[in-house]
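Protein chains in written order, with numbering that gives the first Met the number 0: chain W, 0 to 233; chain R, 0 to 233. Some notes on the structure that comes next.
Protein chains: 2
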Amino acid sequence: MNAAPLTPAVLAGSDLFRGLPARGTGEALRQASLVTHTRGTRIFSQGAPVKHAHLLLRGRVKIVQSNAQGEQVIVRLIRPGETFGTLGLYVDGLYPAEAVALSEATEARWHAGTFTGLVQKYPEIALNLVRLVCERLQEAQARLREMSTERVEQRVANALLRFAVREKAPERGGLRLPLSRRDIAELAGTTMYTASRVLTAWQRAGIASSGRANVTILRPDALAAISSGRPSSQ
Amino acid sequence: MNAAPLTPAVLAGSDLFRGLPARGTGEALRQASLVTHTRGTRIFSQGAPVKHAHLLLRGRVKIVQSNAQGEQVIVRLIRPGETFGTLGLYVDGLYPAEAVALSEATEARWHAGTFTGLVQKYPEIALNLVRLVCERLQEAQARLREMSTERVEQRVANALLRFAVREKAPERGGLRLPLSRRDIAELAGTTMYTASRVLTAWQRAGIASSGRANVTILRPDALAAISSGRPSSQ
DNA sequence: CGACGAATTGATCTGCATCAACACAGGTGG
DNA sequence: CCACCTGTGTTGATGCAGATCAATTCGTCG
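This is the structure:
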């Protein structure tokens with residue numbers, strides 16, 4: 000909510016700088032700048048030149064890809080400690096998608112040149128990067144399989160579970176996600192109408208409860224059952 | 000077809016070993032083994048421990064992911080010079096998908112430990128790996144968008160074009176791809192029935208010609224028009 | 001309060017999956 | 001050399017999940 004939460008310990012706990020010698024986190028720290036965005040802010044745009052590498056410190060960010068007709072898909076949701084906006088650095092120098100803050104969000108960023116310098120200087124970062132991108136590619140491939148073999152209800156369940164996994168402290172009474180119906184639709188590859196119907200059914204079944212631009216997971220076990228295709232186990 | 004086609008020049012021309020000092024390609028060469036597979040052979044299985052890193056030298060290979068019900072999706076098609084089977088090395092040590100030879104195929108392979116040793120010894124390989132995985136992630140994300148925003152005919156066109164791009168020498172009379180109707184269906188996220196109907200229509204329109212377990216692209220321009228959503232431009 | 005974006009919910013439509021029946025090629029073995 | 005079998009492909013008929021359209025309500029904020 001307030002002053003800069005950026006410390007060497009935070010960097011050491013991020014996915015990208017894990018395992019870096021103290022000298023490295025110190026250097027990265029000095030070269031970073033901190034930026035805070037309000038909900039709904041576009042952090043970078045699809046097709047724009049990559050100016051920075053980004054590390055989310057607080058809040059939630061969605062990565063959205065659009066086609067020529069403006070139809071959108073959320074390709075990834077970012078939580079604190081995760082890196083984003085670095086793909087384009089190693090391909091064509093352009094952001095392949097846009098980033099939008101889902102809630103008030105604070106990020107650390109490095110200028111592109113500074114960042115690639117760090118990667119070359121500290122091989123741990125390069126290996127972390129390989130691991131990260133491999134994990135994401137696996138996730139993307141799993142989603143590809145889902146999109147062509149599973150039905151909408153399963154895909155919505157998957158989308159929520161995937162985001163919920165690794166959440167720190169489940170709040171009493173459920174896990175609250177800052178996702179609108181449209182967000183959920185773009186995660187699951189459906190329409191907001193269908194997403195709304197699915198959530199209404201889950202509301203009645205006591206599986207999840209939803210409000211304006213947010214969803215609360217009440218029974219992750221039931222969601223897992225739905226996601227794996229078993230007909231809702233009571 | 001015959002003797003080992005593995006030379007330092009071949010390695011230097013591959014996506015993974017590009018830019019490596021001669022010392023490195025020599026070392027990689029000495030540690031590689033060559034394996035040839037007949038059409039239809041399963042090169043590795045989904046969920047099995049990663050034993051090798053693979054580099055395709057000749058032929059075509061598909062990477063297929065299955066769910067619990069056995070429904071399949073082709074997540075990638077491999078052409079000569081491309082690396083495959085390395086994702087799992089950096090995640091959980093298991094192959095996330097299976098690899099099947101689409102035609103007679105020859106690969107070079109390295110034991111997992113040998114390979115990661117090479118990667119650590121030669122930082123060029125690590126950077127190549129980052130670049131490669133980033134490119135594939137971009138492709139996977141583009142496919143995700145397609146799957147949820149485009150119709151079957153566009154997706155089939157995309158699937159063929161994506162495979163056709165970068166093909167060396169277009170044969171006289173068209174580009175022949177060793178893909179069955181089922182393969183095309185699993186690339187486009189549809190059924191072989193629908194894939195067959197689409198190809199029949201294209202056959203009539205002179206856009207593509209298909210036979211048993213193969214398709215020939217006759218008019219890439221027409222495919223591109225379809226893929227971008229324009230109603231078939233004559 | 002007024003206005004606008006988010007969500008709901010019923011009615012209707014349709015793209016494509018599914019099912020079924022058949023055709024054809026190639027390989028295998030008697 | 002033929003009979004058979006299995007994998008591959010085609011094509012018509014039918015059904016349905018979910019998209020689309022339309023109308024209304026709700027929440028939030030200026």
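Cβ coordinates follow ideal geometry from the N, Cα and C atoms, glycine included.
Tell me whether residue i sits in a helix, a strand or coil according to DSSP, three-state version.
{"i": "R:F114", "result": "helix"}
{"i": "W:G234", "result": "In the structure displayed, chain W extends from 0 to 233; residue 234 of chain W sits before or after that span and is not available."}
{"i": "R:V90", "result": "coil"}
{"i": "W:R142", "result": "helix"}
{"i": "W:E97", "result": "strand"}
{"i": "W:L76", "result": "strand"}
{"i": "R:T40", "result": "coil"}
{"i": "W:F83", "result": "strand"}
{"i": "W:K50", "result": "coil"}
{"i": "R:Q68", "result": "coil"}
{"i": "R:G18", "result": "coil"}
{"i": "R:T190", "result": "coil"}
{"i": "R:A223", "result": "helix"}
{"i": "W:T24", "result": "helix"}
{"i": "W:A8", "result": "helix"}
{"i": "R:Q233", "result": "Only weak support is given to the placement of R:Q233: the predicted model assigns it a pLDDT of 40, under 50, and the value that follows is read from those uncertain coordinates. DSSP places R:Q233 in coil when its eight states are reduced to three."}
{"i": "W:T130", "result": "Strictly speaking, residue 130 of chain W in this sequence is Arg, with Thr absent from that position. Correct three-state label for W:R130: helix."}
{"i": "W:E185", "result": "helix"}
{"i": "R:S13", "result": "coil"}
{"i": "W:R150", "result": "coil"}
{"i": "R:V164", "result": "coil"}
{"i": "R:Q45", "result": "coil"}
{"i": "W:N1", "result": "Note that W:N1 scores 45 on pLDDT, short of 50, meaning its location in the model is unreliable and no value can be drawn from it."}
Pop quiz: residue i and residue j are said to be a contact at Cβ under 8 Å. What is the actual Cβ separation, rounded to whole angstroms?
{"i": "R:A100", "j": "R:H36", "result": "4 Å"}
{"i": "R:T24", "j": "R:F16", "result": "6 Å"}
{"i": "W:V132", "j": "R:V132", "result": "4 Å"}
{"i": "R:Q140", "j": "W:V74", "result": "4 Å"}
{"i": "W:T199", "j": "W:A207", "result": "Not really, about 10 Å apart at Cβ, beyond 8 Å."}
{"i": "R:A125", "j": "W:A125", "result": "5 Å"}
{"i": "R:L55", "j": "R:E81", "result": "6 Å"}
{"i": "R:N300", "j": "R:R175", "result": "Not covered by the structure: residue 300 of chain R. The range shown for chain R is 0 to 233."}
{"i": "R:G46", "j": "R:Y94", "result": "7 Å"}
{"i": "W:F43", "j": "W:G84", "result": "6 Å"}
{"i": "R:L217", "j": "R:A156", "result": "Incorrect: roughly 13 Å between the Cβ atoms, too far for contact."}
{"i": "R:L86", "j": "W:R135", "result": "Contact flag wrong, Cβ pair sits at about 10 Å."}
Let me check one thing: in DSSP terms, what residues is residue i bridge-paired to?
{"i": "W:E106", "result": "W:V34 and W:L55"}
{"i": "W:T215", "result": "W:R175 and W:S208"}
{"i": "R:K61", "result": "R:L76 and R:V99"}
Starting from residue i, find everything on chain W with Cβ-Cβ shorter than 8 Å and list it in chain order.
{"i": "R:A96", "result": "Q140"}
{"i": "R:V90", "result": "R130, C133, E134 and Q137"}
{"i": "R:V74", "result": "Q140, L143 and R144"}
Against residue i, what residues of chain R qualify as contacts under a CB-to-CB distance less than 8 Å, listed in chain order?
{"i": "W:L240", "result": "Residue 240 of chain W lies beyond the residue range present for chain W, which begins at 0 and ends at 233; the question has no answer from this structure."}
{"i": "W:P48", "result": "Here the premise fails: no neighbours, minimum Cβ distance about 16 Å."}
Which bits of chain W does residue i rub up against, with CB to CB less than 9 Å?
{"i": "R:E70", "result": "R144, S147, T148 and E149"}
So which residues of chain R does residue i contact, with C-beta pairs closer than 9 Å?
{"i": "W:V164", "result": "Correct list: empty, because the minimum Cβ distance to chain R is about 15 Å."}
Discussion item. Counting only Cβ-Cβ distances shorter than 7 Å, please list the residues of the region 125 to 150 of chain W near chain R, keeping chain order.
Written reply: A125, L126, L128, V129, R130, V132, C133, E134, R135, L136, Q137, A139, Q140, R142, L143, R144, M146, S147 and T148
Worksheet entry | Under 8 Å (Cβ pairs) to chain W, residues found in the region 19 to 39 of chain R | none
Worksheet item: What are the residues of the region 186 to 212 of chain R that lie near chain W, defined by any Cβ-Cβ distance shorter than 7 Å?
Response: G188
Practice prompt. Name, going along the chain, the residues of the region 58 to 69 of chain W whose beta-carbon falls closer than 9 Å to a beta-carbon of chain R.
Written response: I62, Q64, S65, N66, A67 and Q68
Discussion item. What are the residues in the region 101 to 125 of chain R lying within 7 Å of chain W by C-beta distance?
Written reply: P122 and A125
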